[in-house]
Structures are given as structure tokens and as C-alpha cells.
Amino acid sequence: MLIVTCVKQVPDTTQVKVDPVTGTLIREGVPFIINPFDTYALEESLRLKEKYGFNVAVISMGPPNTEVTLRKALSLGADEVILLSDRAFGGADTLATSLVLAEAIKKLGQTQEVAMVICGRQTIDGDTAQVGPGIATRLGYSQLTLVDHIENVDLKAKTIVVRRRLEGRHEIVQAPLPAMIAVLREINRPRYPIVPMRLFAQDAPVTLWNNKVMGLKEDTIGLKGSATQVRKIFSPQREKGEIIGDGIKYPEAAAGLLIQRLIEKNILCL
Amino acid sequence: MSLNISTIVFAAAIMLFCWSCYRRFRLLLIGKAEDRFKDAGRRIWSVLYYAFGQRCTVSHGYRFGWNHLVLFWSFMILLVANTEFMLEGLFPNYISFSLLPSSIYHPLAVLIEIASVLALLAVCIAITRRLAFPPKYIEARSRDAFIILGLIALLMLAFFGLHASKIAQGNEEAASYMPVSEFLASTFLKNGSPGSLNGYSEAFWWLHAIVLLGFLNYLPFSKHMHILAGIPNVFFRSLTKVNTQPREEFKKGNTYGVGKIDQFTWKGLFDSYSCTECGRCSDNCPATETGKLLNPRLVIHDIKVNLLKNGPPNRKETELPLIGGGKEGSISEEVLWACTTCGACMEVCPVFIEHVPKIVDMRRNLVEMSAKVPDELLSLFENMEQRSNPWGIVPSERAKWAALADVKTFVAGETQYLFYVGCFGAYDARSRKVSIAISRILNSSGISWGILGKDELCCGDSLRRLGNEFVFDRMVMENSKIFKEKGIKKIITQCPHCYNTLKNDYRQYGMELEVIHHTEFINEMIRSGKLKLNGTNDRGNLVFHDSCYLGRYNGIYEAPRSVISSVTGRAPIEMDRHNDRSFCCGAGGGRMWMEEGTGKRINVERAEEALKKNPATICVCCPYCMTMFEDGLKGIKADVQVLDLAEIVSEALK
């Protein structure tokens, strides 16, 4: 049985700046990293592999340089990696992305039964947290989001029990397989690759599936297949703040002034 | 009849000894190859100076080393006497010194007599010391130690008994050259009948024989194996300072680091045979001293035990893991991660055992073959690999500090010196002030210098000491590329760790750089008169702390002291442990990035030691030491400032 892990290569957003004139991202010199949330998804897949003997396939949609991220997945212990790359896939929003990923998972399912799709809770560049649920909906899988612990997998009964972390409470959920699981950072601690695996990953095969292989309709994928169009990207303007009192010489007095001001503005009330 | 028995007994005992030695020493062959024969001339000189000159045992202020010197030389002389004794035992009536011309025999007799007296005295001193003034380390009082000392004492007593009986019998031609034996004979055996004297003589001869042969056969199984292995180990020592680790070749099918006993080199294994269990390493180890699990002597001991267990071919027991701990012969991971790589153990080891490279080798195995690392290190490794600094701060912020100083960027072909700021100097708020001070000094000295700014990368020191050689290797490649592209040949560093890494580790990659630590640079500039100081800047009691990577790793002790004397008008106050016996701040070897959960904090121990000298200022030369001292003092709330040497100099500039 197969676990499919979805990962995305993202620009290191802490190093991304927006060009104030054109309103576009300055990508030059910004390193790409594996979406941090996805590293937890991959780690959980690998742990399930070790525990239950699943195969782990890692898929990613992105430009050709995404290969680097997929090789990292190989070095950590993924059995198979597939790069979904085609100009036609470019500019996709979550709707179009989830379609390509779901179709790829279907394709993988033709040779091996898919038990689970594991995703990170969201990406750090788009921050929508929609692709995982999108895949689940398209494939008709159980949809388990915000998972911080996998309690049990019953391969005979084909069920899974997970713990979901919600505001102020946990929820233990049982669901039939196949299931899409979107995991939180708290679920595990990703491993570090050992050197022999890194060397192996350097020239292990990365399968490329472009749209010739996928054969998807042009108007359902990429920018054309997207319901969302980005009109503008900009950094929010922040009004210049005000220094209240002299916090260095008279910290207590400054704190008093601050509290008074907050009360006046109705931010604090007595 | 007795003649035949002695031949049989001696032959059997000597054969048994040779067999034991063969069984032990052949195990070394399971180790990997390593060339330790090159430069034989210097090696022989080392043996003469350190072993025969006993420089190794009397060094570093170890006063009891003198006792060892006396014992060593007595043994050397007695080796001659006992060789004769053994040959006599094997071939009775054919071999004896007394057959030599008296012009040789008489002086020899005196010499042997003196050596025996000295050996007996030295043994008595050693026993008294262990009983009355026990050294800190518990091993000195081991059963092994007392058995050996007892055997030597007994051997000497048997020697005197034998000679005294012979003299009393009138069978000793050189009696007047054996004052002690003669005294014993005339005091105790004057009225003995010929029969009883003959009995005494026989009895002492056999006692001497049994103790000697027993001692011989006990050697390979005790810590006194060092009598056999110690001198060769001095011969095979590293002729240069052990301040780096060897490179690894990253190729498919290779294994990395040492996870099994046969992955050490033969010299690594030989080290374990040479250990005398003197305890000097653990005595000087900051981890041992502050209650961590690590004890460098036990690491070496465990390697020996593991070798003896796993080394022999065709053994039936299951293999004892080298790393894992739990029992003798297996080293726990916690032990390996506790090392600060300060090198104090290697500095004081009288037989030149190389502890630190072994620990790093085992760390390499943990990191590279099984990725078993303390959690804190996972983010460090990621940060280093992704952003080339330990904190994972955005690389574009590397040059931010320079806005506050008069700094130029290094221009290929124009700028002469690169000021390699280092991660601390660039990102750490406290160390940035030191970077600014150094910039000021560099500007005042009038040299042409520049920085790489945001293009600078981490040197990789912590990764190498933590055993992440794979990523270190990549970082060296990247840095080397930059240095080559920009034609960088001369580098001034702020951090002793950058200094050591660029200077000693990068050499393995063909990078011959002239690396200068800022203390050396400042010292040179003051001496040549290029830096002008504004008279004396008294800073009250100023205590100086030696950084391990400057001092022990690179022998820089005088430069900072001389600068302090020039600037403040008086020599710095020395802590109890200083120069080559200096005590680590606790941050080296990647410990900077790890939690310190066990025992007392090393930096607190060191800060308290400094405070004993009642300082107004503690002067350091390393950003790690700076951080550790400031943190260590926080809990104590002492009104002491910690300054880098560069800051003190910068304020004293005209």
C-alpha cells in the first residue's frame, strides 16, 4: 500500500521582499526550501512506513528546480519521487493545483492501492491550507486536517484514528481509508538525512510527469484553470509609531502613560 | 635438578608472556592503515626527549612526575640486571655478570645497587602518596596500582635478600660495591650457618624469579601495559599539534566516522594500550570536572575493553557495541556529546594519546551514519546548511553591523587583508561591538583591509567538531571558491574558531592562507609602532582567559598578554588554571549550541575561578568565551565587565 506525500518547494519567505515599484516578488538570490510544514508530513509518512511497511511516494508540482527538494525527500527515505512540471501547470491557484495533484495520485493508484495522502497544514508562501482538502474532495477521501497525532492505523478494517488539534480541545477521529491527512508541526520531529542516503539521492531517478503524461485539459490547469487571479502584491503600509514617555530613564512612568493611552483608545478597559 | 626446573619455569613464563603480547598486539591489525612512520628522525628525538628524558611525566607542573622519572631510570638500569637474571634462569651457570672483568662488573654492581634503592624508594613514595595524599582521580588507588607497586617492592626486597645471602655466603666477589646488600648481610645474616644461608639464597632467588616472571605476565593484562606500549606510542605520536581532524571521502559505499572498533586506525587502538591510567586527562577535563558523564580516560579505557572483546577473530559472543553505553567497553552517546574539544586531555597526556579526534570520529558516525543527534543540533545543522550561520538568520543581515563602523568591502586585486568577521562578529549583538573595535584598530594601523559583507559564509568550525563532516566539506568548498575568486591570501579573524578552522582545517583542501588572529595582529602593530596608544589605560585588576583554540590549539599565549601589558601598563592577572592548563569556557566543540543539563555549568565554574582573583575586568579573545563568561557571571551578579582584547585596545588608541 502506498502513502503519497505532497510537498512544495517555496521561496524562503523570510528572505523575500516585494519590489515597491512593480509590486512583484523579488525572487533573485532568494533560496528555495522545502515548505517547512511539508517536512513534518514527510517525516510522518516515513514513520508510518517503518511501522506498517507502506511505500512512500513523494509528489510535488513546480518548476524543474523542484528536483532539489525531491532529492532531499529521497535522502530522507522516500521510495519514489515524482515531479509534476509543465509550463501549462504554471500560475495555478489551489483549485488547479489540487486537480493536478489529485490526478497524479489517481495515476499512482493504478499500480498500487493508495492508503493515505499526507500534506503539511499549509505552505508558507500561499498560506491557504486549501490544497490538501482540495485533494481529499476531488478524490473522495476522508479529510483529516489539523492532525497532531496518528493514534492507530488498522490495515484490515481499513480505518485510521487520528487526533486533531482544535482551539482549546483535541478531537479523536476515526475515519475510513483512504484518507487525506494534513499535519501540524507538533506531530513529530523531522529526521536528519544520513550521508549514504544523501549520496544515493544525488543521482537516484526523479520521475517527471508533464502534461503529456498527465493529459489534463488545458483549461482546467495552470493559470487558465485557476479561479483566483492575483491582481497586486504589496507590503502593507505601516503608520509610523509614537514614542510615549522616556522608557529608558523612567520606565514606570512610561508604562503608566501607555496604559492610560490604551484605555483612552478603548483597547484596554477597567 | 633445580637447574632444570628453573630452565623450564623461565622458558614457560617467557613464552606465556610472548604469547599474551602477541594476542594483544595482533588485535591492532584490525585497525585501519595510517602512516605514523614518516619523519623517523623527529620521532626518535621525541622518544629521547619525552620518554627517556621523561619530559612527558614531569611537565605541566606535575611534581610527582619526578618520582616517575626516578622509577623509570631505575627500571632502565634494572632492565639490564633482570635480563641477566632471566638469562641466568634459562641457562644456569653460563651467564652471569660476575663472569665479566671486574672493571666492568664492579661499577655495574654499584649502579644496579643504587637503582634498586631508588626504585624501592620511589615505590614507597608512590604508595604513601596514594594512601596519604590521594590524587583527585579515584583510579590512582585501584587494585591494579597497588598490585604493581607491591610487586616492584617485593622484587627489590628479593633482590637485596638474594645479594645479602650471597655476600654472607662469601660468594659475592663485588660485595664491597653493594653497600645496601652488604649492610643487610652483616646485620641480619652474620651468624647464619652455611646450610641456612644456602637456603636463604635459594629462597630469595626463587622469590625474585617468581615475582619477576609474575610481573612480566601480569603486564599485558594491567594498566602497566604502558611499559610496553608507552614508548612506541611516543614514537608514533602526531608530530604536529592535534588541532584538526582528517578529511573524509564522500563516495558511495563508504562508511563514515567510527561506529565499530575496527574503524579506528591501528594507532587509535594503540593509544588505548598505552594509557597509563594516570588520570591527568580527566583531571583537566572541563566536562569531568563539572560532573558530566564524559571522562576522557574512560573513553580510552572503553576502547581498549571493546577491542579486547570484539577484536579476536572467531569469537562466539555477540558483538559489544562501541557506541551505546550501558557497560564497560561501550561509550554512551551522552559522553560523546559532552566534549568541548578543548584539548586539555591531549595537552597533559604523557604518552600523547589523542582523545579528541576519537570523540569526533564517533560523533561523525552518529551524525553521518545514523543521524542520532541531540535535538538542539537538528536546527543548527539545518541553519548552517541553509543559511550558513548557526541561528538561521537571513544572510543579508550579515553586514548590518558594518553600518556603525568605517568599513570597506574587500575588492579583488586591491585589498590586501580580509577581515573575516565570523558569525558571532556579524550577528551577535555583543560581538558586533568587538567587530567595530577591530575595524577601528585596522583603520588606525593603516593597512588595506575589507570584509566580504553579506557574501561571507560560516567557516564551519562547529560542524566539523560536531561530526557533521558532510556539510562541513561543502562549506569549505564554497568558502574556498570565494577565497580563490577574490584572490584572498591574508585573513584576519575575530574568532579563534574561525582562525583555527581557516588555518588548520582548510589546509587539507589545499588552501594555504595566512591567517592571523586579531590578538596577533594587534601585538604586531603595537610592536612595530603602527598602533599608537594614549599612555596607560589602567583597568584595575584585569584577569585574562586563554581561549582553547588560540592557546592549546595554536600556541598563542604571549601575544594577548603582551598587548595587555602594553595597554594597561601591567601584566594581566593569571587565573589558577592558565596558558596550556587553561580551563575551557564550555562552548567549544559545538557545545555552544547544546543544552548543558548535567552537573555544574562549565562557564559558571570558570567565571567563579576568575572571580577568585577579584577582577574589575575579564579579558577574552573569543566570542564564545565572551558569551560564556557574560552568562556565567549573570547568576553571580558580580560587578565585573567582560571585554574583548580588541575593545580594550580600541579605547586606548590615540
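Quick mapping for you: the protein sequence lines, in order, are chains A and B.
When the first sequence is numbered by the numbering used here, its final residue is 265 and no position is left out of the sequence of numbers.
When the second sequence is numbered by the numbering used here, its final residue is 669 and no position is left out of the sequence of numbers.
The beta-carbon is built from N, C-alpha and C at its ideal position, and this holds for glycine as well.
Bear in mind the structure is a predicted one, so any value in this text is a computation, not a measurement.
- Here the alpha carbons of B/Leu228 and B/Arg144 stand approximately 27 Å from one another.
- Shown here is that no member of the segment 103 to 115 of chain A has a Cβ falling below 9 Å from a Cβ of chain B.
- Exclusion of the five residues before and after B/Trp608 leaves Glu391, Leu392, Leu395, Pro405, Ser477 as the residues of its chain whose Cβ lies within less than 7 Å of its Cβ.
- Here the alpha carbon of B/Arg522 sits roughly 8 Å from the alpha carbon of B/Leu528.
- Here DSSP, grouped into helix, strand and coil, assigns B/Asp50 to coil.
- In chain order, Ala386, Val388, Leu393, Phe396 make up the part of chain B whose C-beta sits under 7 Å from the C-beta of A/Tyr187.
- From the beta-carbon of B/Glu383, the residues of chain A found nearer than 7 Å are Ile189, Val190.
- With a 10 Å radius around the Cβ and a threshold of 16 neighbouring Cβ atoms, B/Tyr64 comes out exposed.
- By the neighbour-count criterion, in which 16 or more other beta carbons inside 10 Å mark a residue as buried, B/Trp416 falls on the buried side.
- Below the 7 Å Cβ cutoff, chain B contributes no neighbours of A/Gln4, its closest Cβ being approximately 13 Å away.
- A direct Cα-to-Cα measurement between B/Pro336 and B/Ser345 gives close to 6 Å.
- A/His144: member of the beta strand (DSSP E) spanning 137 to 149, first to last residue.
- For B/Gln278, the secondary structure class from DSSP, reduced to helix, strand or coil, is helix.
- Cβ-Cβ distances below 8 Å link B/Leu660 to His533, Thr534, Ile537, Pro575, Val578, Ile579, Cys634, Val635, Cys636 in the same chain, with the five nearest sequence neighbours on each side left out; the list follows chain order.
- In this structure, the alpha-carbon of B/Lys319 lies about 35 Å from that of A/Leu71.
- A/Asp88 is not bridged by DSSP to any residue.
- The contact set of B/Val409 on chain A, defined by CB atoms closer than 9 Å, consists of Asp7, Thr9, Gln10 in chain order.
- Annotation note: the segment 93 to 118 of chain A contains the following uninterrupted beta strand (DSSP E) runs of length 3 or greater, listed N- to C-terminal: 109 to 115.
- Membership of B/Val582 in the alpha helix (DSSP H) is indicated by the continuous run 573 to 583.
- Between the alpha carbons of B/Leu93 and B/Ile127 lies a gap of roughly 6 Å.
- For A/Pro15, the closest Cβ of chain B is not nearer than 8 Å.
- For the segment 474 to 499 of chain B, the set of positions with a beta-carbon nearer than 7 Å to some beta-carbon of chain A reads Phe485 in chain order.
- B/Lys415 has a beta carbon lying at 8 Å or more from every beta carbon in chain A.
- Under the 10 Å beta carbon count, A/Val13 is surrounded by fewer than 16 other beta carbons and is classified as exposed.
- One thing to note: B/Glu369 has its Cβ within 8 Å of the Cβ of B/Asp286.
- Straight through space, the alpha carbons of B/Ile506 and A/Val225 are spaced by roughly 49 Å.
- Boundaries of the alpha helix (DSSP H) around B/His533: 533 to 542.
- In this structure, B/Lys47 sits near B/Thr280, with a CB-CB distance shorter than 8 Å.
- By the CB criterion at 8 Å, B/Arg567 and B/Asp595 fall inside the cutoff.
- When A/Leu179, A/Arg186, A/Gly163, A/Asn147 are compared, the shortest CA-CA separation from A/Pro171 is found for A/Asn147.
- For A/Ala91, the closest alpha carbon among the candidates A/Arg256, A/Asp214, A/Leu263, A/Ile258 is that of A/Asp214.
- For B/Ile451, the enclosing alpha helix (DSSP H) covers residues 444 to 460.
- Cα atoms of B/Val195 and B/Phe106: separation of roughly 28 Å, rounded to the nearest angstrom.
- When 7 Å is used as the limit between beta carbons, A/Ile28 is near these residues of chain B: Gln401, in chain order.
- Under DSSP, A/Ile(-2) shares a beta bridge with A/Val51, A/Met111.
- Not flagged as an interface residue toward chain B: A/Leu37, since no C-beta distance is shorter than 8 Å.
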